[in-house]
Ligand SMILES: *[C@@H]1O[C@H](CO)[C@@H](O)[C@H](O)[C@H]1NC(C)=O
Ligand SMILES: *[C@@H]1O[C@H](CO)[C@@H](O)[C@H](O)[C@H]1NC(C)=O
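Residue numbers (mature numbering (1 follows the signal peptide of the UniProt record, and there is no 0)): -19 to -1, 1 to 166.
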């Protein structure tokens, strides 16, 4: 059982590290690490997949003045039209809107495919496992070190997310009439 023991030690160490203050070892001297970037993506997905929204988590992970910009989400909400949600954003203008929108969100199971990070930005590709058309998308999360005492070392200040809105609309029942093919010369 040495292997299990080692896992227990590693995970105890990881919880210890993630509890360290922002400029400590845990946050990589003020920068995101693989651990904090992956944790951020996992928690962000939990807040946005319409499955058991957690307001405490939202308050610990999302900055009060967050701005969420997504032309594709605006198009989906607008059912393919140009309003009422502006296509150039902001889609959600602050944490209050982020919470009310995501708390009411229909179940949208999705999983990360690749996760990339810099000192303060996390980008991830994702797949929404809808049918008949799977939906790919990309999310960019800008972060800043969290205020002292926050549960997580980084909070999200900007969200930019784009996804295959045509496939998504078809999956939720929209009827799309493709335009006629271009004239041949
Ligand atoms: C909600 O999130 C908070 C903060 O991360 C956590 O402590 C709590 O256990 C979560 N609640 C549920 C029901 O998952
Ligand atoms: C959040 O943004 C909406 C839309 O701009 C605005 O009406 C509302 O007052 C804002 N709420 C807070 C708490 O800033």
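Yeah, the Cβ is synthetic: ideal placement off N, Cα and C, and Gly gets one too.
Cα-Cα separation, residue i to residue j
i, j, result
"residue 2", "residue 54", "For residue 2, the predicted model reports a pLDDT of 43, less than 50, meaning its position is unreliable and no value from the coordinates is stated."
"residue 61", "residue 51", "13 Å"
"residue 59", "residue 10", "43 Å"
"residue 154", "residue 132", "40 Å"
"residue 87", "residue 151", "15 Å"
"residue 29", "residue 89", "8 Å"
"residue 165", "residue 139", "45 Å"
"residue 32", "residue 148", "21 Å"
"residue 77", "residue 129", "22 Å"
"residue 15", "residue 99", "10 Å"
"residue 158", "residue 114", "16 Å"
"residue 163", "residue 156", "21 Å"
"residue 64", "residue 144", "18 Å"
Residue range of the beta strand (DSSP E) that includes residue i
i, result
"residue 36", "No beta strand (DSSP E) holds residue 36; the alpha helix (DSSP H) holding it covers 36 to 42."
"residue 140", "135 to 144"
Residue range of the alpha helix (DSSP H) that includes residue i
i, result
"residue 23", "15 to 29"
"residue 83", "76 to 84"
"residue 55", "52 to 58"
Secondary structure of residue i, DSSP reduced to three states
i, result
"residue 124", "strand"
"residue 118", "strand"
"residue 87", "coil"
"residue 149", "helix"
"residue 2", "Caution applies to residue 2, whose pLDDT of 43 falls short of 50 and renders its modelled position unreliable; the model cannot decide the point."
"residue 110", "coil"
"residue 49", "strand"
"residue 157", "coil"
"residue 92", "strand"
"residue 66", "coil"
"residue 164", "coil"
"residue 72", "coil"
"residue 104", "strand"
Close beta carbons around residue i, own chain, < 7 Å, minus the five adjacent residues each side
i, result
"residue 56", "68, 146"
"residue 75", "45, 46, 47"
"residue 19", "96"
"residue -10", "Confidence at residue -10 is low in this model, with a pLDDT of 38, below 50, so the placement of that residue is unreliable and no value is reported for it."
"residue 73", "49, 79, 82"
Chain D within 8 Å of residue i, Cβ atoms only
i, result
"residue 140", "Judged by its chain identifiers, the structure shown contains no chain D, having just a single protein chain."
Contact set for residue i: own chain, Cβ-Cβ below 6 Å, skip 5 residues either direction
i, result
"residue 105", "22, 93, 96, 120"
"residue 5", "At residue 5, the pLDDT of 39 sits below 50, so the modelled position is not reliable; the number obtained from the coordinates is stated separately. None."
"residue 141", "50, 121"
"residue 111", "152"
8 Å Cβ shell around residue i - same chain, five flanking residues per side excluded
i, result
"residue 36", "80, 84"
"residue 101", "12, 13, 123, 124, 125, 135"
"residue 24", "38, 42, 133"
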